[in-house]
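S.K.: When we follow my numbering, the leftmost residue of the sequence shown carries the number 6, and every step to the right adds one.
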Amino acid sequence: MALLLHNDPEVQRQAAELLLTTVGAHIFTVLRRQLASADEAEKANALRALQTLEQHGRQRVEQRPFSGLHFETLGALRIYVGNHELTAHEWAAFNRSHAGWQKAQALLAYLFHYGQRGMTIEAALAAIWQDRATASAISRTLTAIRYVIGELGGADLAKRALISEQNRLWLSPMVCSSDAALFERAVQYAEQIEAEFDFESALPHYQHACSLYGGNYLVMVDLYDEDIEDYRQQLITTYLYLVERISEYYFSQQNIPRCIDWCLRGLRIRATDEQLVVRLLECYARQRRSADIERLYQRYRRHLGGMPDDDDEVERWMRQWRR
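1) May I have the straight-line CA-CA distance separating A128 from A46, to the nearest angstrom?
2) Would you please state the rounded distance, in angstroms, between the beta carbons of L58 and A111? I believe it to be under 8 Å.
3) Can you give me the C-alpha to C-alpha distance between Y246 and S42, rounded to a whole angstrom?
4) Rounded to whole angstroms, what is the Cα-Cα separation between E271 and R328?
5) Mapping the DSSP letters down to three states, classify W175 as helix, strand or coil.
6) Where do the ends of the beta strand (DSSP E) carrying R83 lie?
7) Please classify M312: does DSSP put it in a helix, a strand, or coil?
8) Could you check the C-alpha separation between N88 and R307 for me, to the nearest Å?
9) Output needed for A97: all residues of its chain with C-beta closer than 8 Å, excluding positions within five of it in sequence on either side, in chain order.
10) According to DSSP, what are the bridge partners of L157?
11) On the premise that Y229 lies in contact with T78, defined as a C-beta separation below 8 Å, what is that separation, rounded to the nearest angstrom?
12) With DSSP as the reference, label T78 as helix, strand or coil.
13) Mind checking Q17: buried by the 16 CB within 10 Å criterion, or exposed?
14) Does the Cβ-Cβ distance between A149 and A114 come in under 8 Å?
15) Tell me whether F71 is buried or exposed, calling it buried when 16 or more other Cβ atoms sit within 10 Å of its Cβ.
16) Note down the Cα distance separating P14 from N50, rounded to an integer number of angstroms.
17) In this structure, does DSSP put L116 in helix, strand or coil?
18) Checking 8 Å against the spacing of the C-beta atoms, do A290 and W267 come in under that value?
19) Note down the Cα distance separating V86 from G155, rounded to an integer number of angstroms.
20) Cα-Cα, which of A186, L281, Q68, Q280 is closest to Q239?
Rendered as structure tokens:
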């Protein structure tokens, strides 16, 4: 944000264009959340940044505190109502029913994922309660969620956000933002840069996109749904593809420490990624780290959970190395 506050109008313009292209509308959400801060200096800087974006972005910007729901879905789930994080503590303080926090959190995550598509009450019962509850459990939880959103973000937000009609439920995407959407937008921008120039020009943008990937999508939420799992795997595949390309670049540049760092990042997400394991083995071999090679190989075998295929790249590499 500092560049948006720079004294040079040209620096402001370039910063505004870059943020609007890479971060998109989410930058408005971030700054408008800061408008609700108790820190007067932070509020003033956020307002100036919004005014800069309005001036150079040629679009009208709402210069008032954010009113909506923001979902941090990559890794641990965090939900924000306006500038307030909705935690178990807030839930206990405002909840006037017997609806549990974990079920409420899971229902909000489920509704967020399906957005405008919505879902039936039966589908929600199956995904969140595993069919071990009745429709009254959802009704009680929805009532509690509306009340808490109303207390934290206002009655109008509660009314606009949660919609129920006959047997279907919605969480309006018009009032929601998420880190997953920000990650996908950052990837798309990096791909545009690569298509226009080359991979090296896009490298910092790919690295920025990877920095937004805090973990697997809704992995900490206790619910069961194939569509969520499919999207989770799609994001994992995208992230690992980027990590593989970045690590390959550093390996080709003989920058072994950076290559190792990126391989380890990817293996924290999927310990059995053959391409990353082999590249990391190559790095360790160049550094003559035999003990680390054996440890990495044993870890790979443990996570594999069985005998590898005959054409397994890691097995092939280890056989050649041990000769």
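Every residue, glycine too, gets a C-beta built ideally from N, C-alpha and C.
M.R.: So, from the listed chains and residues:
1) 47 Å
2) Actually they do not touch by this definition, with Cβ atoms about 35 Å apart.
3) 38 Å
4) Correcting the residue identity first, residue 271 is Gly in this sequence and not Glu. Cα to Cα, G271 sits roughly 28 Å from R328.
5) strand
6) 83-86
7) Of the three classes helix, strand and coil, the one that applies to M312 here is coil, per DSSP.
8) 43 Å
9) Shown here for A97: same chain residues with a beta carbon closer than 8 Å to its own, the five before and five after excluded, namely W106 in chain order.
10) In the DSSP output, where bridge partners are listed per residue, L157 has none listed.
11) That pair is no contact at about 16 Å.
12) T78: coil per DSSP, three-state reduction.
13) buried
14) no
15) Residue burial is scored here from C-beta neighbours: F71 has at least 16 other C-beta atoms within 10 angstroms and is therefore classed as buried.
16) 16 Å
17) helix
18) no
19) 9 Å
20) Answer by Cα proximity: A186.
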